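Beneath this line is the structure, given in structure tokens, with notes to follow.
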Amino acid sequence: MNSPEQITDSVLTPEKEIVTTVGPAPLSSPPVENFSSVKTKKTNKKALIIFLIFLGVMIGIGAFWLGRFTKETGIGTIPSPTAVPTISQPTPTLDQTTGWKTYIDTKFGYSIKYPSEWLFNTETRSFREGDIFSVSIVGKDQKKDTEFYDGASLTIGEPIKTEKDIRTWVKEYYPVNNLDDEPNIFSEETIASLSFQKFFTCGLGCFTYYNIKHNGYVYRIVIFADGPDKIKYEQILSQILSTFKFLDQTSDQTSSWETYTNTKYGVEFKFPLGWILNTKPESEISKQGDDLRVIRNQINPFSPENKMVLLINIWDNPQKLSTVDWLKWREEEYQKRGFLPDYEKNSVFEVNAYVSGLPAFKEMREVEQVRKAGGRGGTALPLIDYYVAKNDKLFVIELNNYTLEAFSYKEETIYDLFDQIISTFKFLP
0 MNSPEQITDS
10 VLTPEKEIVT
20 TVGPAPLSSP
30 PVENFSSVKT
40 KKTNKKALII
50 FLIFLGVMIG
60 IGAFWLGRFT
70 KETGIGTIPS
80 PTAVPTISQP
90 TPTLDQTTGW
100 KTYIDTKFGY
110 SIKYPSEWLF
120 NTETRSFREG
130 DIFSVSIVGK
140 DQKKDTEFYD
150 GASLTIGEPI
160 KTEKDIRTWV
170 KEYYPVNNLD
180 DEPNIFSEET
190 IASLSFQKFF
200 TCGLGCFTYY
210 NIKHNGYVYR
220 IVIFADGPDK
230 IKYEQILSQI
240 LSTFKFLDQT
250 SDQTSSWETY
260 TNTKYGVEFK
270 FPLGWILNTK
280 PESEISKQGD
290 DLRVIRNQIN
300 PFSPENKMVL
310 LINIWDNPQK
320 LSTVDWLKWR
330 EEEYQKRGFL
340 PDYEKNSVFE
350 VNAYVSGLPA
360 FKEMREVEQV
370 RKAGGRGGTA
380 LPLIDYYVAK
390 NDKLFVIELN
400 NYTLEAFSYK
410 EETIYDLFDQ
420 IISTFKFLP
């Protein structure tokens, strides 16, 4: 019987690995257990467990006392960052209509603004009862002498008197179906505190009609937009609609104003309290050398608070020319006599406003233009002139100021106040 192969341990030497080699056990005999070796490993394991338990207990006690000391003294703590509240600053609201033109119809009692680059039209026929205001812009793809398919327009029809409520009137006035026998759309929309009854129809293009009843009359506004820039045009049309307002909405603001009445020239208007009214009779007006520039009367309400001046000059118009014809005639005469500055040559005169229901021309003169004219005094804001003919007189209503200092008021506030004054003008019978 062969003896089992002896287990040989290699000697541990410096800079060498520990290598244990175990020879194969004989197939016929069970493996030999080294009981002494097993007992030694169990003893060491038990000691290690006891040591680890002791160490864990000591660490726990130490952590407890350290935490208590830190809490009481505050030493060693890292302060949590304090959240700084974010203060939201209000976003300034930009007035998208600043610089727009304002149309005032004192006959029918409303005003509306529109972009300066839009064209004021007088020959439109959108309503069978007649149009009283229309503006439009033409897109780059629009061709002449064709239907309107690239651009936008807004037209106001002559008001219709009715005793019916607005919903009933709209249902009876507009057809249920369009030209293709498709149903038209009826709805409501509130714009700038005004409630409109809407009517949408399509035929040769699609149109939206806005209807509102005021003081027994139905006011109608129709809008159209099409072409590559349709979305942009629709946004602008919404802005234009938001500026529509009735003049008597501001009547409370002018009810306490001073009233000036001139029976000789048949004019009456209001101006704010605190303004100083200066009038110069005919004898005090210089004729400036020839009968062309005769000013029969000058009315001058003046605001000592903001240096704003309202000049009203009354000119002779013996031929009883219309407002536009008188302006053309004056330009020709000025040019002949060398009175016309270069910047005023080839001006375009058109009816773009109404004063007391009469056709008028509204002109804005920039500061640089005024300086080129070389007149006396100065101006801090663009000037605005209204020209309106009445019988044998031509009335020029001018917004001006006699200082180069900037106003303490915003321009649009000044212009709104001027438009309010214009809205109070009346020509007496």
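For the sequence shown, numbering that gives the first Met the number 0 begins at 0 and goes up steadily by one.
The beta carbon of each residue, even a glycine, is placed where N, CA and C say it ideally should be.
For clarity, every value in this text was computed on a predicted model and none was experimentally measured.
>> If I measure Cβ to Cβ from Asp418 and keep anything under 7 Å in the same chain, skipping five residues before and after, which residues do I get?
In response: In the sequence shown, the residue the question calls residue 418 occupies position 419. Taken in chain order, the residues that qualify are Thr101, Ile103 and Ser110.
> Which of helix, strand or coil does DSSP assign to Gln334?
Replying inline: Reading the sequence shown from its first residue, position 335 is the one you call residue 334. Gln334: helix per DSSP, three-state reduction.
> If you follow the beta strand (DSSP E) that Thr200 is part of, which residue opens it and which one closes it?
Replying inline: Along the sequence shown, read from residue 1 onward, the residue named residue 200 stands at position 201. From DSSP, the beta strand (DSSP E) with Thr200 extends over Leu193 to Gly202.
> What three-state label does DSSP hand Arg124 in the structure shown?
Replying inline: As a first step, residue 124 must be located in the sequence shown, where it is residue number 125. The answer is coil: DSSP assigns Arg124 none of H, G, I, E or B.
> Could you give the distance in angstroms between the alpha-carbon of Leu309 and the alpha-carbon of Phe206?
Replying inline: Indexing the sequence shown from 1 puts residue 309 at position 310. Indexing the sequence shown from 1 puts residue 206 at position 207. When rounded, the distance between both Cα atoms is 41 Å.
> Leaving out five residues before and five after Gln238 in sequence, what residues of the same chain have Cβ atoms less than 7 Å from its Cβ?
Replying inline: Translated into the one-based positions of the sequence shown, residue 238 becomes position 239. The answer, listed in chain order, is Gln95 and Thr96.
>> Please report the distance separating the alpha-carbon of Gly288 from that of Glu188.
In response: Start at 1 with the first residue of the sequence shown, and residue 288 comes out as number 289. Start at 1 with the first residue of the sequence shown, and residue 188 comes out as number 189. In this prediction, Gly288 has a pLDDT of 37, which is less than 50 and means its spatial position is unreliable; what the coordinates show is noted afterwards. Those two C-alpha atoms are separated by around 59 Å.
> At which residues does the alpha helix (DSSP H) containing Val169 begin and terminate?
Replying inline: Taking the sequence shown and counting its residues from 1, the one referred to as residue 169 is at position 170. Its alpha helix (DSSP H) spans residues Ile165 to Tyr172.
> How is Gly215 classed by DSSP in three states: helix, strand or coil?
Replying inline: Working through the sequence shown from its first residue, we reach residue 215 at position 216. Correct three-state label for Gly215: coil.
> Ala151: buried (16+ other C-beta within 10 angstroms of its C-beta) or exposed?
Replying inline: As a working note, residue 151 is residue 152 in the sequence shown. Buried is the call here.
> DSSP on Leu240, reduced to helix/strand/coil?
Replying inline: The residue labelled residue 240 in the question sits at position 241 within the sequence shown. Helix, per DSSP.
> Does the distance from the C-beta atom of Val347 to that of Tyr385 stay below 8 Å?
Replying inline: Residue mapping note: residue 347 aligns to position 348 of the sequence shown, counting from 1. Residue mapping note: residue 385 aligns to position 386 of the sequence shown, counting from 1. No. Outside cutoff.
> Hey, out of Tyr173, Thr242 and Leu326, whose CA is closest to Glu362's CA?
Replying inline: Within the sequence shown, the letter at position 363 stands for residue 362. Of the listed residues, the one whose Cα sits closest to Glu362 is Leu326.
> DSSP state of Glu233, grouped into three classes?
Replying inline: The sequence position of residue 233 within the sequence shown is 234, counting from 1. It is helical.
>> On the DSSP bridge list, what partners appear for Pro182?
In response: Counted from its first residue, the sequence shown places residue 182 at position 183. Answer by DSSP bridge pairing, in chain order: Asn176.
>> Could you compute how far the alpha carbon of Asn183 sits from the alpha carbon of Tyr208?
In response: Position 184 of the sequence shown holds residue 183. Position 209 of the sequence shown holds residue 208. About 11 Å.
> With DSSP run on the structure shown, which of helix, strand or coil describes Phe424?
Replying inline: By 1-based counting over the sequence shown, the position of residue 424 is 425. Three-state DSSP puts Phe424 in coil, outside helix and strand.
>> I need the straight-line Cα distance from Tyr216 to Phe394, nearest angstrom please.
In response: As a position in the sequence shown, residue 216 is number 217, starting the count at 1. As a position in the sequence shown, residue 394 is number 395, starting the count at 1. Roughly 30 Å separates the two Cα atoms.
> In angstroms, rounded to a whole number, what distance separates the CA positions of Arg219 and Cys201?
Replying inline: Locating residue 219 in the sequence shown gives position 220, counting from the first residue. Locating residue 201 in the sequence shown gives position 202, counting from the first residue. Each residue's Cα considered, the two are about 17 Å apart.
>> Suppose the cutoff is 6 Å on Cβ atoms and the five residues either side in sequence are ignored; what does the same chain contact list for Lys392 look like?
In response: Start at 1 with the first residue of the sequence shown, and residue 392 comes out as number 393. Here the set comprises Ile313 and Asn316.
> Among the residues of its own chain, which have a CB less than 6 Å from the CB of Val221, if the five just before and after it don't count?
Replying inline: Against the sequence shown, residue 221 aligns to sequence position 222. Excluding residues within five positions, the ones whose Cβ falls inside 6 Å are Ser125, Thr154, Phe206 and Tyr208.
> What is the rounded straight-line gap between the Cα of Ile275 and the Cα of Ile131?
Replying inline: To locate residue 275, count along the sequence shown from 1; it is residue 276. To locate residue 131, count along the sequence shown from 1; it is residue 132. Each residue's Cα considered, the two are about 36 Å apart.
>> If the criterion is Cβ atoms closer than 8 Å, does the pair Leu246 and Ser133 meet it?
In response: As a working note, residue 246 is residue 247 in the sequence shown. As a working note, residue 133 is residue 134 in the sequence shown. Not closer than 8 Å, so no.
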